[in-house]
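There are 2 protein chains.
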Amino acid sequence: MTLRIEADGRAATGAPAVVRLDPRERILTAAYALFSRRGIRDVGVDELIRESGVAKATFYRHFPSKDDLALAFLERRDHVWTTGYVVAEAMRRADTAEQRLLAVFDVFDEWFQREDFEACSFVNVLLEMGAGHPLGQACVDYLGRIRNQLRRWGDEAGLADTEAFANSWHLLMKGAIILAAEGDRQAASRARTMAGWLLEAHRPRPEAAG
Amino acid sequence: MTLRIEADGRAATGAPAVVRLDPRERILTAAYALFSRRGIRDVGVDELIRESGVAKATFYRHFPSKDDLALAFLERRDHVWTTGYVVAEAMRRADTAEQRLLAVFDVFDEWFQREDFEACSFVNVLLEMGAGHPLGQACVDYLGRIRNQLRRWGDEAGLADTEAFANSWHLLMKGAIILAAEGDRQAASRARTMAGWLLEAHRPRPEAAG
DNA sequence: GCGGGTAGACAGACCTGTCTTTCTTTCCAG
DNA sequence: CTGGAAAGAAAGACAGGTCTGTCTACCCGC
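Residue numbers (our numbering), protein chains in the order written: chain A, 1 to 210; chain B, 211 to 420.
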């Protein structure tokens with residue numbers, strides 16, 4: 001069923017027998033690399049088919065329009081980045097919900113140091129296309145999913161008012177990302193400090209008076 | 211020297227004798243309205259000249275390229291929005307530096323309720339064009355000026371470590387703007403709460419041990 | 001007359017999306 | 001196992017639109 005494949009989905013030059021991904025996968029792989037770094041509008045269909053080594057007719061067979069591909073990219077971003085990187089790393093690094101919430105900023109810190117740091121695609125595309133565009137709306141949805149995860153962790157940690165908590169926590173995450181996009185390498189640790197205060201404020205008071 | 215003019219720089223239909231701004235000003239006025247709401251790429255030169263009621267040759271006489279106009283727009287945004295609205299309103303509403311810092315979030319709260327809320331043009335354009343593009347670099351510069359203002363207020367309030375303070379404060383501002391762009395009307399008050407903790411943390415301890 | 005404005009044609013590049021033609025792979029009947 | 005149909009992919013021309021930027025032609029006020 002599964003197939004061992006090259007990371008970029010293409011055969012290396014001179015290596016004729018390397019397994020080649022199916023076209024749809026190659027298109028998505030190229031789209032992920034290009035869209036996540038340069039946004040949607042700046043990447044044309046011609047560049048996408050060149051990078052994925054696919055014919056134009058094949059491209060349009062799998063994705064009726066460029067926007068359809070962009071939607072598929074956002075879905076993959078949610079799967080690869082949100083779920084597969086940030087959440088997975090936070091869960092790997094900590095055992096309790098509270099520690100996992102804080103670990104998000106440790107993951108961010110590692111992420112911000114990468115020279116190919118590309119900021120948050122959901123925020124990028126939302127601002128690029130506007131909240132009225134279907135792609136912008138999809139970004140709002142995926143950002144909402146992130147807040148849902150934060151809220152679940154907040155509930156699990158027994159925090160108070162986790163709806164507001166998740167929004168404020170997300171504010172810190174996004175603020176840190178923008179600050180990092182401007183070049184501040186300590187953005188994550190600044191956010192983590194403030195996150196600690198937020199956590200404290202939402203901890204239920206033990207001597208809760210009936 | 212100065213001239214009383216219509217806000218949009220154009221004569222109303224059927225009012226022939228209304229003062230008409232000079233072409234450069236009309237172009238800039240139209241550019242401000244369009245660029246601040248829709249970004250740079252989404253607005254074409256044809257739309258700009260149509261909205262400003264100017265001939266194409268006139269446009270290119272005053273601005274050799276669209277990017278030159280975009281740079282002039284960012285400069286005006288700094289003047290009109292940063293200096294003329296956020297900073298001016300904060301100073302009008304409060305007398306002390308500390309209160310002025312907090313008042314920024316009151317101004318934001320008012321701003322976020324406007325239905326034509328357009329988020330921060332410097333962040334929008336930075337993410338749209340990338341930090342490598344001259345326009346993106348200009349945005350980084352203007353955002354840096356905002357942090358300089360925050361730092362000056364921090365110094366004036368006698369806070370400790372105002373460099374880090376300004377960065378963290380700016381993180382809260384930008385996080386609030388993105389959260390508001392997603393539709394959270396309470397984004398400003400959430401940020402203000404956290405800003406209060408940040409202020410407390412940077413207040414020099416009165417019993418400083420020698 | 002001349003500098004600056006208006007109006008709009010035009011060039012050349014690029015964009016998305018369609019279509020044609022040729023080649024390869026797969027799969028099923030016999 | 002083989003022949004052949006059918007599906008999918010490669011390569012690229014092409015259409016129709018949009019974009020930035022140039023250029024011509026005319027007009028008006030100083």
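Using N, Cα and C, we set each Cβ at its ideal position, and we do this for glycine too.
Nearest to residue i (by Cα), restricted to the options the options
i	options	result
LEU408/B	ILE388/B, GLY364/B and GLU392/B	GLY364/B
ARG145/A	LEU74/A, ASP95/A and ASP22/A	LEU74/A
GLU156/A	ARG203/A, ASP141/A, HIS79/A and PRO64/A	ARG203/A
ARG286/B	GLY254/B, SER246/B, ALA300/B and GLN347/B	SER246/B
GLY175/A	MET404/B, ALA267/B, VAL296/B and GLU235/B	MET404/B
ALA329/B	ALA307/B, TYR270/B, MET383/B and ALA341/B	MET383/B
SER121/A	ALA97/A, ILE177/A and ALA103/A	ILE177/A
SER189/A	ARG114/A, GLU98/A and LEU102/A	LEU102/A
PHE273/B	PRO233/B, ASP394/B and ALA341/B	PRO233/B
TYR32/A	LEU69/A, GLU200/A and ALA138/A	LEU69/A
VAL107/A	HIS133/A, THR82/A and LEU21/A	THR82/A
GLY214/A	ALA181/A, PHE117/A and GLU200/A	Since the displayed chain A opens at 1 and closes at 210, residue 214/A lies outside it and no answer follows.
LEU353/B	HIS289/B, ALA298/B and ARG271/B	HIS289/B
LEU281/B	VAL314/B, LEU238/B and GLN396/B	LEU238/B
ALA191/A	ARG271/B, VAL296/B and ALA374/B	ALA374/B
GLN396/B	ARG271/B, ARG324/B, TYR295/B and HIS343/B	ARG324/B
ASP394/B	GLU182/A, ALA131/A and GLY183/A	ALA131/A
Neighbourhood of residue i by C-beta, 7 Å cutoff - its chain only, sequence neighbours within 5 removed
i	result
ARG357/B	ALA376, ASN377 and HIS380
ALA30/A	LEU48, GLU51 and SER52
ASP285/A	This structure leaves residue 285/A out entirely; chain A is present only between 1 and 210.
GLU299/B	VAL317
ALA97/A	TRP153, GLU156 and ALA157
PHE327/B	TRP321 and ALA390
ARG100/A	ALA90, MET91, ALA94 and TRP153
VAL54/A	PRO23, ARG26 and ILE27
ARG251/B	GLU338
GLN359/B	VAL297
VAL43/A	LEU34 and PHE35
ARG271/B	none
8 Å Cβ cut-off: residues of chain A touching residue i
i	result
ASP394/B	ASN167
VAL350/B	GLU182 and GLY183
ARG161/B	This structure cannot settle anything about residue 161/B, because the visible part of chain B is limited to 211 through 420.
ALA397/B	ASN167 and LEU171
Residue-level contact to chain B via CB, residue i, 9 Å cutoff
i	result
ARG38/A	yes
ASN148/A	no
ILE178/A	yes
GLY84/A	no
GLU6/A	Bear in mind that the predicted position of GLU6/A carries a pLDDT of just 39, short of 50, making it unreliable; the figure below should be weighed with that in mind. GLU6/A does not count as touching chain B.
Within-9 Å CB hit, residue i to chain A
i	result
LEU382/B	yes
LEU409/B	no
VAL314/B	no
LEU345/B	no
ALA304/B	no
ALA341/B	yes
MET404/B	yes
Proximal residues of chain A, C-beta to C-beta of residue i below 9 Å
i	result
GLY254/B	By Cβ distance, chain A contributes nothing, its closest Cβ being about 13 Å from GLY254/B, past 9 Å.
GLU338/B	GLY39, ARG41, ASP42, ASN124, LEU127 and GLU128
Neighbourhood of residue i by C-beta, 6 Å cutoff - its chain only, sequence neighbours within 5 removed
i	result
MET339/B	LEU345 and GLY346
GLY208/B	Residue 208/B is absent from the model: chain B starts at 211 and stops at 420.
CYS349/B	PHE332, VAL335 and LEU336
HIS343/B	none
8 Å Cβ shell around residue i - same chain, five flanking residues per side excluded
i	result
VAL45/A	LYS56, PHE59 and LYS66
ASP371/B	HIS412
GLY406/B	LEU312
Contacts that residue i makes with chain B (C-beta to C-beta distance below 7 Å)
i	result
GLY175/A	LEU381, LEU382, LYS384 and GLY385
Chain A contact residues for residue i, given Cβ-Cβ distances below 7 Å
i	result
LEU353/B	GLU182
Listed by chain order, chain B residues near residue i by CB distance under 9 Å
i	result
ALA55/A	The contacting residues do not exist; ALA55/A stays about 28 Å from chain B at best.
ALA119/A	LEU337
Near the ligand PLP: residue i beta-carbon under 8 Å from a heavy atom
i	result
ALA405/B	The ligand content of the structure shown is nil, which means the ligand PLP is not present either.
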